[in-house]
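full-length UniProt numbering numbers the first residue of the sequence shown as 1 and each following residue consecutively. Don't be surprised by glycine CBs; every beta carbon is placed ideally from N, CA and C. Working notes for the structure below.
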Amino acid sequence: MVEILSLLLLALAVSLDSFGVGLTYGLRKMKLPFKSLLFIASCSAVSILVAMTIGNMIVKYLSPSIAESIGGLILIMIGAWALYQIYRPAKRDEKNKEDDVIVNFEIKVLGVVIKILRKPMVADFDNSGTITGREAFFLGIALSLDAFGAGIGAALIGFSPWFMAASVAIMSALCVTLGMKSGYFFSDSKIMHKFSFIPGLLLIIIGIIRL
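Okay, here's the thing in C-alpha cells:
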C-alpha cells in the first residue's frame, strides 16, 4: 500500500509541471487538441520507460538495499534542486520581466525547456492560438525531460516501469487539462505560484521514505 501511494505521489510530482504549463496556456486562452494532449502524455510515458530501463540496468550491479537508497537520494536531490529553482534570488531587468515564469514547478534541464516554459507562446510557432503538430512535439519533449531523472530514481527504488509510465501519462494529461481549465478562471497567477514548492517537497518526502 505504501509503495503504491509512493508511486502515485511520484507520478503526481513529476507531472505537476504539466499543470503549470497548462495554466499558462489557459491564461492566454490557447487551445490544446485531444491528439496533442495524447502526444504530450505519450512523451512523458516514453521518457519514464527509457529512464527506468537505464535504472534497471544499473540495479543489476547493485544490491537491492543500496539501489533503493541511491534511488531515494536521487529523488531528494531532484526535489531539493526544484525548490532551489523556485526560491533562488531572481536576476531581472526590465526587458526580461515580461518573460517571467507564470508557474515554475520543475527542473529545467535544457535551454529548450526554459524557453518553452518561460515564454509559453514560443511553443505556438504559427501564432494560431492552438498547439498542434511540431508545437506539441517540442512541448511534449520539454515536459518529458523533466521526468527523466526521476524515472531513473524510481527504477532504483524498485517501482514497476509500466505502471509508473502509465501513471505519469495519465497524471500528465490530467494536469495539463486541469491547468488549462484553471487558467480560464484565474487571472492572478501569483495565487498559483504560492504552491510551486509542492513538487519538490513531494520528491524529497518520497526519497526520504525510500532511504
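Check	Outcome
A45 beta carbon less than 9 Å from that of Y182	Before going further, note that residue 182 is Ser rather than Tyr in the sequence given. In this structure, A45 does not lie closer than 9 Å to S182 by Cβ.
Burial state of M121 (16 or more Cβ within 10 Å)	Low confidence applies to M121: its pLDDT is 46, below 50, so where it sits in the model is not reliable, and the reading given next is rough at best. Its Cβ having fewer than 16 others within 10 Å, M121 is exposed.
Pairwise C-alpha distance: S15 and I141	13 Å
Opening and closing residue of the alpha helix (DSSP H) in which G158 lies	Run containing G158: none; DSSP gives neither H nor E here.
Residue span of the alpha helix (DSSP H) that contains K35, given as start and end	34 to 59
Under 9 Å between C-beta atoms of Y61 and M180	no
Rounded distance between the beta-carbons of M52 and A155, thought under 8 Å	4 Å
Three CB pairs or more closer than 8 Å across the region 61 to 71 and the region 162 to 171	no
A80 versus S6 - alpha carbon distance	18 Å
Proximity test, Cβ basis, 9 Å: T177 and chain C	Absent here is chain C; the protein component of the structure consists of one chain.
Own chain, CB closer than 7 Å to C175, minus 5 neighbours either side, in chain order	S15, L16, S18, F19, G22
Counted within 10 angstroms of its Cβ, other Cβ atoms place I76 as buried (16 or more) or exposed	buried
Beta-carbon proximity of F159 to E3, cut-off 9 Å	yes
Assigned exposure category for P161 - 16 Cβ within 10 Å defines buried	buried
9 Å Cβ cutoff met for A169 and A41	yes
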